[in-house]
Amino acid sequence: MSIDLPIPTAFTAAVATRTYEIARAGTPSTLVVEIGQPIQDVPTVSGYDWRCPVRISEGGVTRDLRACGVDSFQALQLGLQVAQQEVEQVAAEPGAAVALFGEPL
């Protein structure tokens with residue numbers, strides 16, 4: 000038996016937020032990372048797995064991502080990894096500089 004339902008994407012209440020300072024070609028901006036509360040709403044063959052929403056906002060652009068796990072701990076852990084990878088991806092862009100609390104990453 001297979002489950003072909005889409006993974007829910009709604010953002011839950013933020014449990015953690017971090018704001019990075021970024022500069023692209025000298026133009027300053029902020030990158031806001033929010034981690035949503037894990038929720039057990041991912042349909043599986045044997046019930047429901049957990050999902051941790053991750054929201055990345057820069058300027059007027061917001062992207063909602065998610066990480067799924069077999070329990071809330073794994074979903075949260077993977078959500079934090081997704082957030083870290085997103086920040087590292089921005090920092091790796093040519094001409095981009097990312098800082099946290101005034102310290103470069």
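Going by numbering that gives the first Met the number 0, the first residue of the sequence shown is number 0, and it counts up by one from there.
Ideal Cβ positions, reconstructed from N, Cα and C, are used throughout, including at glycine.
Item	Value
Neighbour-count burial assignment, Ala-74, 16 or more Cβ in a 10 Å radius	buried
Length-filtered (3 minimum) beta strand (DSSP E) runs lying within the segment 45-78	46-57, 60-68
Where the beta strand (DSSP E) through Leu-30 begins and ends	26-35
Contact check, Arg-62 vs Ile-55, beta carbons under 7 Å	yes
Sequence-distant residues of the same chain with beta carbon closer than 8 Å to Ala-13, five excluded per side	Glu-33, Ile-34, Gly-35, Gln-36, Arg-54
Arg-54 Cβ short of 6 Å to the ligand GDP heavy atom set	The ligand content of the structure shown is nil, which means the ligand GDP is not present either.
Per-residue DSSP class, three states only, for Ala-22	strand
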